[in-house]
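First residue of the sequence shown? That's -18 in the numbering used here, and the numbers climb one at a time after it. Where is the CB? At the ideal position from N, CA and C, for every residue including glycine. Computed from a predicted model, the values in this text were never measured in an experiment. This report concerns only the one structure given below.
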Amino acid sequence: MKKTDPCYLGEIGREVPVGPVIHKMDKMLSRNMAAKMRAAGIDELTLMHGWIIRYLYERQEEEVFQKDIEKFFSIGRSTVTNIIQLMERNGYIARESVPGDARLKKVRLTNKGITSHEMLEALINRLDGELVQGITEEELDTFYTVMNKIKGNLKAVWNAGEEDAHASCIAERSKGI
-18 MKKTDPCYLG EIGREVPVGP VIHKMDKMLS RNMAAKMRAA GIDELTLMHG
32 WIIRYLYERQ EEEVFQKDIE KFFSIGRSTV TNIIQLMERN GYIARESVPG
82 DARLKKVRLT NKGITSHEML EALINRLDGE LVQGITEEEL DTFYTVMNKI
132 KGNLKAVWNA GEEDAHASCI AERSKGI
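See below:
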């Protein structure tokens, strides 16, 4: 990887801020996964498509509706509608009417969707194995401990930001702004 590549990270040391390291590693991981998906011939799927396919795969025995996908992923109806229409056109999912309510449609995976999920899972498992090569169990435990602490700190910063924004809104209302 060249230094001009946006994913170039070089040696990671204490002088490199944590946020940019996480961001760049995420980019590197995404690019690597995209390359593996292209090589496997499933590159027409986006990350969100993959998540929805996994969601449907894990709930094959249940009735899943668009509103369930909207709620689970916290995304709007029009966004989910567009995604589902594209996935249906590409043959990954099918929508079926529900007896008693023609407006309501179940969403289910097709055979192509099931096969794609299984291929994606195999790719993810292989990549995960490659990522931890040469890393001891103790080092992995430390990694997860540190990541959980960073996640906790990020949540605290986020919540404090929401409290600050809320206090700011109350102050503006009291001034009549």
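| Asked | Found |
| --- | --- |
| Exposure of G133, with buried meaning 16 or more beta-carbon neighbours within 10 Å | exposed |
| Check whether I33 and I50 have beta carbons under 8 Å apart | yes |
| Straight-line Cα distance separating E69 from G88 | In the sequence under discussion, the amino acid at residue 88 is Val, which differs from the Gly named in the question. Computed Cα separation, rounded: 9 Å. |
| Contact check, K52 vs G72, beta carbons under 8 Å | no |
| Assigned secondary structure, V33 (DSSP; H/G/I helix, E/B strand, else coil) | Correcting the residue identity first, residue 33 is Ile in this sequence and not Val. The answer is helix: DSSP assigns I33 an H, G or I state. |
| Per-residue burial, P(-13) [other beta carbons within 10 Å of its own, 16 or more giving buried] | Since pLDDT at P(-13) reaches only 48, below the 50 mark, its modelled position is unreliable, and no value is offered. |
| S78, enclosing beta strand (DSSP E) - first and last residue | 74 to 79 |
| Top-ranked residue by Cα proximity to K48, from M6, T62, E99, R12 | T62 |
| Spatial neighbours of L101 in its chain, beta-carbon cut-off 6 Å, leaving aside the 5 residues before and after | G31 |
| Any beta strand (DSSP E) of 3 or more consecutive residues that is wholly inside the segment 93 to 119 | none |
| Buried/exposed call for K17, threshold 16 Cβ in 10 Å | buried |
| Contact under 8 Å by Cβ, L85 with L37 | no |
| Under 8 Å between C-beta atoms of I64 and M9 | no |
| Beta-carbon proximity of M14 to L121, cut-off 8 Å | no |
| When P1, V45, G57 are compared against E77, the one with the closest alpha-carbon | V45 |
| Distance CB(S97)-CB(I(-7)) smaller than 8 Å | no |
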